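J.: Residue numbers (the numbering used here): 25 to 295.
Every residue gets a Cβ at the ideal spot worked out from N, C-alpha and C, and that includes glycine.
Since the model is a prediction, treat every value here as computed from it, not as a measurement.
#1: Here's a check: name, in chain order, each residue in its chain whose Cβ is nearer than 6 Å to the Cβ of residue 116, leaving out the five neighbours to either side.
#2: DSSP state of residue 151, grouped into three classes?
#3: Could you give the C-beta distance for residue 104 and residue 265, rounded to a whole number, given that I count them as a contact under 8 Å?
#4: I'd like to know whether the C-beta atoms of residue 56 and residue 75 end up nearer to each other than 8 Å.
#5: Using the DSSP secondary-structure output, state which residues sit across from residue 132 in a beta bridge.
#6: Restricting to runs no shorter than 3 residues, where is the beta strand (DSSP E) found entirely within the stretch 64 to 97?
#7: Can you have a look at residue 154 and say buried or exposed, based on whether 16 or more other CB atoms are within 10 angstroms of its CB?
#8: Indicate whether the contact test is met: 3 or more Cβ pairs, each with one atom in the stretch 116 to 127 and one in the stretch 181 to 201, closer than 8 Å.
#9: Just to confirm the assignment, what range does the beta strand (DSSP E) spanning residue 219 have?
#10: Indicate the three-state DSSP secondary structure (helix, strand or coil) for residue 117 in the structure shown.
#11: From 90, 158, 174, 278, pick the residue whose C-alpha is nearest to that of residue 112; which is it?
#12: Could you give the residue range of the beta strand (DSSP E) that holds residue 163?
#13: Output needed for residue 216: all residues of its chain with C-beta closer than 6 Å, excluding positions within five of it in sequence on either side, in chain order.
#14: Can you tell me whether DSSP reads residue 123 as helix, strand or coil?
#15: For a quick check, are the C-beta atoms of residue 84 and residue 143 less than 8 Å apart?
#16: Within the 8 Å Cβ cut-off, does residue 68 reach chain B?
#17: Have a look at 53, 146, 102 and flag the residue whose alpha-carbon is nearest the alpha-carbon of residue 65.
#18: Using the C-alpha atoms, what's the distance from residue 160 back to residue 212?
#19: Compute the beta-carbon to beta-carbon distance between residue 81 and residue 135, rounded to the nearest angstrom, for a pair I have assumed lies under 8 Å.
#20: For residue 114, count neighbouring C-beta atoms within 10 Å of its own C-beta (all shown protein chains included) and say buried if the count is 16 or more, exposed if not.
#21: Got a sec? Which residues, its chain only, sit under 6 Å from residue 240 by beta carbon, not counting five neighbours each side?
#22: For the alpha helix (DSSP H) containing residue 284, name the first residue and the last one.
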C-alpha cells in the first residue's frame, strides 16, 4: 500500500506489515514518514491505513510522547493505547497517524503550548493531503492535553471531532492539564472517555464531566464511562493498566469508533 498524493518533500522510509485478522480489508502496512513542519523542524510519523479509509485519526500518545519510531518501522515504546491498537482502528475503516517526539524531546509540559497547537495543525493538514476524508483528534492521558489544544486552535472545518481518553485533569509532574489547553475554544464535537476503574492520580474518572463542561463552545459533548481492565505492570498511570484500557481494548475501540462513525460529516475539507 502506498500513500496517495504524497507531497514531493515527504520521504517514505519503510513500510512493515501489521496483522489485522479481524479486518476484511487488504492488510494495512505501517509507513514511516519524515514530515517537515511549518516551524522548520522535521516530525517523524507512523502512518497506517486500510483501503479507502472513511476517516483519519491523529493519535496523540500519553506519557512523554516518545514512541521511538525507528527508520525500519520498529517501535522502541509501542505499548501506549493509541499505538498498540492501530490495527483495530484500521479494521474499523480508519487511517491512523501517530507522531513521535522530535529529537527525543519529553513532551510533558509542552502539549498545551501555542507551538504544539501549530504542530497538531501541521499533522491535520498532512492527513487531509493523504485521504479526502474527515479527520479526528484522539489523545490519551497526557496526550489528551495535545488533543484538546489542537482542537481548540484547529482551522475551521479541518477537524470533525476530538476524543479525550483518561485525560490528565489534576496537576502533576508535567505542570499542565487539559484545563490549560483552552477547552473553551473547542468548537467541534467532543467525546470524553473515562474508565471507572482508572486509579491514576492525575486522571480521576470523576473529573470527566468537568472536562466536558469546560468545552463550552462545542456543539456536542458526550461523556462516556467504561469499566474494567487489567494491571499488568503495577503502574496505576501506565499503559498496561486500566488507565490504558489494557484487556478491554475491543470494547473501548468499538465504543469510540461508533461515536466517530456518527460524526462522519461529508464534504468537510481543510481551508
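T.: In brief:
#1: 281
#2: helix
#3: Their Cβ separation, rounded to whole angstroms, is 12 Å, which puts residue 104 and residue 265 out of contact at 8 Å.
#4: no
#5: In DSSP, residue 132 forms no bridge with anything.
#6: 66 to 72, 79 to 84
#7: buried
#8: no
#9: 214 to 219
#10: coil
#11: 278
#12: 159 to 164
#13: 188, 232, 235, 236, 247
#14: strand
#15: no
#16: The structure shown contains no chain B, having only a single protein chain.
#17: 146
#18: 10 Å
#19: Their Cβ separation, rounded to whole angstroms, is 17 Å, which puts residue 81 and residue 135 out of contact at 8 Å.
#20: buried
#21: 208
#22: 273 to 286
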